[in-house]
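Remarks on the structure that follows.
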Amino acid sequence: MSETETQSPVMSRAIPAPAVSVETKPFWDAAAEGRFLIKRCEACGKAHWYPRTYCPFCDSGETVWEESPGEGVIYTYSVMRRAPTGPYAIGYVTLDEGPAVLTNFVGVAPDGLAIGMRVKVRFQPTEGGPPAPVFAPL
Ligand SMILES: [Zn+2]
26 MSETETQSPV MSRAIPAPAV SVETKPFWDA AAEGRFLIKR CEACGKAHWY
76 PRTYCPFCDS GETVWEESPG EGVIYTYSVM RRAPTGPYAI GYVTLDEGPA
126 VLTNFVGVAP DGLAIGMRVK VRFQPTEGGP PAPVFAPL
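In our numbering, each residue carries its 1-based index in the sequence shown increased by 25.
Dropping the structure here:
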């Protein structure tokens with residue numbers, strides 16, 4: 026018990042501009058307005074992430090955009106402690122609608138994360154592109 030623990034800083038790091046395609050432009054346009062969109066298939070009823078024109082479950086092209094509160098729980102995460110920009114964490118969030126989102130966690134010290142923790146989407150500015158979805162504790 027001789028080790029001195031220092032308080033980890035709250036995480037945040039620069040995110041490169043996302044690649045915007047015709048398929049994902051509605052998502053990024055909504056993100057610029059602070060709205061989080063997912064896609065749902067009208068044929069099988071399942072929501073999916075990331076947004077695709079064709080349903081990954083049944084291959085139907087009848088997918089529609091749906092606004093999500095962007096809330097869910099941490100399924101798993103990993104903390105990068107030796108990054109030049111300071112520690113950061115990435116992981117999967119299971120949205121309340123079902124899909125898993127690979128994301129960055131912000132607004133919390135690395136030691137403050139826990140599997141099963143409820144989190145909510147936030148939008149973080151990127152380097153010259155639309156804001157990107159990240160998640161912070163609710
Ligand atoms: Zn489907």
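We treat Cβ as the ideally placed atom computed from N, Cα and C, and that holds for glycine.
Item checked: Glu122 beta carbon less than 8 Å from that of Ser93 -> Along the sequence shown, read from residue 1 onward, the residue named residue 93 stands at position 68. Along the sequence shown, read from residue 1 onward, the residue named residue 122 stands at position 97. Yes, they are a contact pair.
Checklist line | Pick from Val89, Phe82, Glu91, Glu48 that is closest to Cys69, judged by C-alpha positions | finding: For this step, residue 69 is matched to residue 44 along the sequence shown. From the listed residues Val89, Phe82, Glu91, Glu48, the smallest Cα separation to Cys69 is found for Phe82.
Check: CB Ala39 to CB Thr88, shorter than 8 Å?
Finding: Taking the first residue of the sequence shown as 1, we reach residue 39 at position 14. Taking the first residue of the sequence shown as 1, we reach residue 88 at position 63. One thing to note: Ala39 has its Cβ no nearer than 8 Å to the Cβ of Thr88.
Notebook entry, point to check: Looking at the unbroken beta strand (DSSP E) that takes in Pro158, where does it start and where does it end?
Noted result: Residue numbering aside, residue 158 sits at position 133 when the sequence shown is read from its first letter. Where Pro158 is concerned, the enclosing beta strand (DSSP E) stretches over 157-162.
Note to self: Assuming Lys71 is part of the alpha helix (DSSP H), what are its boundary residues?
What the structure shows: Counting from 1 along the sequence shown, the entry for residue 71 is found at position 46. Counting along the chain, Lys71 falls outside any alpha helix (DSSP H), and DSSP gives it neither H nor E.
Note to self: Please report the straight-line C-alpha distance between Tyr117 and Ala125, rounded to a whole angstrom.
What the structure shows: Here residue 117 refers to the residue found at position 92 of the sequence shown. Here residue 125 refers to the residue found at position 100 of the sequence shown. Answer to the nearest angstrom: the Cα atoms are 6 Å apart.
Notebook entry, point to check: When DSSP builds the beta bridges, which residues end up paired with Phe52?
Noted result: Within the sequence shown, numbered from 1, the residue matching residue 52 stands at position 27. According to DSSP, which records beta bridges pairwise, Phe52 is partnered with nothing at all.
Check: How big is the Cα-Cα spacing for Cys80 and Tyr102?
Finding: Position 55 of the sequence shown, counted from the first residue, corresponds to residue 80. Position 77 of the sequence shown, counted from the first residue, corresponds to residue 102. Each residue's CA atom was taken as its position, placing Cys80 and Tyr102 some 26 Å apart.
Next item on the list: Compute the Euclidean distance between the alpha carbons of Leu120 and Pro41, then round it to the nearest angstrom.
Entry: Locating residue 120 in the sequence shown gives position 95, where the first residue counts as 1. Locating residue 41 in the sequence shown gives position 16, where the first residue counts as 1. If you take the alpha carbons of Leu120 and Pro41, they lie about 24 Å apart.
Note to self: Which residue marks the beginning of the beta strand (DSSP E) containing Thr101, and which one marks its end?
What the structure shows: Residue numbering aside, residue 101 sits at position 76 when the sequence shown is read from its first letter. For Thr101, the uninterrupted beta strand (DSSP E) run begins and ends at 96-105, by DSSP.
Next item on the list: Let me know the secondary structure DSSP gives Gly116 once reduced to three states.
Entry: Translated into positions along the sequence shown, residue 116 becomes position 91. In the displayed model, Gly116 falls within a strand according to three-state DSSP.
Item checked: Which of helix, strand or coil DSSP assigns to Pro135 -> The residue labelled residue 135 in the question sits at position 110 within the sequence shown. Three-state DSSP puts Pro135 in a helix.
Next item on the list: Consult DSSP for Ala57 and reduce its assignment to one of helix, strand or coil.
Entry: The residue you call residue 57 lines up with position 32 of the sequence shown. DSSP places Ala57 in the helix class (H, G or I) of the three-state scheme.
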